[in-house]
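Report on the structure given below.
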Amino acid sequence: MLLNRRDFLKAAGGGVACVSLSRMGFDLGPVKAYAADLKMDGAKEVISVCPFCSVSCHIIAHVKDGKLVNTEGDPDYPINQGALCAKGAAMLSMTRNPHRAMKPMYRAPHSDKWEEKSWDWALNRIADLVKESRDKNFVEKNDKGQRVNRLEKVFALGTSHMSNEECSLTHQAMRALGVVHMDHQARI
Ligand code: SF4
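Right, dumping it as structure tokens:
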């Protein structure tokens, strides 16, 4: 929002007044709620689902001019009833945090520097390493001569950012490789 000088002075004066009122013991809850309303004024409300774990809390996402401007718990959803844990409450920062890595970062063995890489490079590198390890370590039969077709030297770890469908595909791909050791963060 663009502010002219007059608006800026009014807003700054309001800010100072709010701090003073707060120190004097006034309840500023309604004022803060009004300020939050201004941010969402004219925004479209979309019901979404927190992707971080299988509780699947509902989130109300406010979208204004094609941008996400606010996220909060959905009070009408019976599971979370408006509440969100720390991960769900930090949802907005997923789209705005300037520290978020937007490209694969690679640190070569024994190096102390991170290099920015393309997705093609990163995916090829992962595929090469998985193939190399599988070729070297795939076990067709155990000590008793029984066929086991397993790969014990690769471990798959899921993330709470994955949807159920992504988890299912990853699980199938790992099993197809013979991977037996898997775990996942989102299993509340
Ligand atoms: S991570 Fe937290 S907010 Fe998100 S679905 Fe799980 S419990 Fe709910």
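In this text, residue positions in the sequence shown follow the working numbering: the first is 26, and each later residue adds one.
Yeah, the Cβ is synthetic: ideal placement off N, Cα and C, and Gly gets one too.
Quick caveat: nothing in here was measured; it's all calculated off a predicted structure.
Kindly indicate which residue of the options has the alpha-carbon position closest to the one of residue i.
i, options, result
"A133", "D66, E141 and T96", "E141"
"S70", "P76, C78 and L93", "Position check: residue 70 holds Glu in this sequence, whereas Ser was assumed. When only C-alpha atoms are compared, the closest one is L93."
"W139", "M130, D153, W146 and R125", "M130"
"S188", "S73, D66, I72 and C78", "C78"
"L176", "K161, P100 and R121", "K161"
"E190", "V173, N122, N174 and P76", "P76"
"A201", "H209, S143, T184 and V179", "V179"
What is the DSSP secondary structure of residue i, counted as helix, strand or coil?
i, result
"V71", "strand"
"M119", "helix"
"I84", "strand"
"N174", "strand"
"R200", "helix"
"D208", "strand"
"T96", "strand"
"A108", "coil"
"G38", "Below a pLDDT of 50, predicted positions are generally treated as unreliable, and G38, at 45, falls in that range; the measurement from the model is reported next regardless. It is helical."
"G91", "coil"
"M187", "coil"
"A181", "strand"
"M218", "Nothing in the structure corresponds to residue 218, since the chain is present only between 26 and 213."
"K142", "coil"
"K11", "The question about residue 11 has no answer, for the chain in this structure spans 26 to 213."
"R159", "helix"
Less than 8 Å between C-beta atoms, sequence neighbours within five positions excluded: which residues of the same chain meet that for residue i?
i, result
"V104", "Contrary to the premise, residue 104 reads as Ile rather than Val in this sequence. Correct list, in chain order: V80, S81, C82 and H83."
"D99", "I72, C82, H83, I84, I85, N105 and G107"
"L34", "Bear in mind that the predicted position of L34 carries a pLDDT of just 41, short of 50, making it unreliable; the figure below should be weighed with that in mind. Nothing listed; no residue qualifies."
"V173", "V164, E165, K166 and N167"
"K112", "C75, F77, C78 and S185"
Suppose the cutoff is 7 Å on Cβ atoms and the five residues either side in sequence are ignored; what does the same chain contact list for residue i look like?
i, result
"K64", "V94 and N95"
Return no unless some Cβ of chain B is closer than 8 Å to the Cβ of residue i.
i, result
"R121", "Within the model displayed, chain B is absent; a lone protein chain is all it includes."
What residues in its chain sit with their C-beta under 6 Å from that of residue i, if we drop five residues either side in the sequence?
i, result
"A181", "M199, V204 and M207"
Contact between the stretch 114-132 and the stretch 76-95 is defined here as three or more beta-carbon pairs at a separation below 8 Å; is this criterion met?
yes
Mind listing which residues have their beta carbon within less than 5 Å of any non-hydrogen atom of the ligand SF4? Chain order is fine.
C75, F77, C78, V80, C82, L109, C110, K112 and G113
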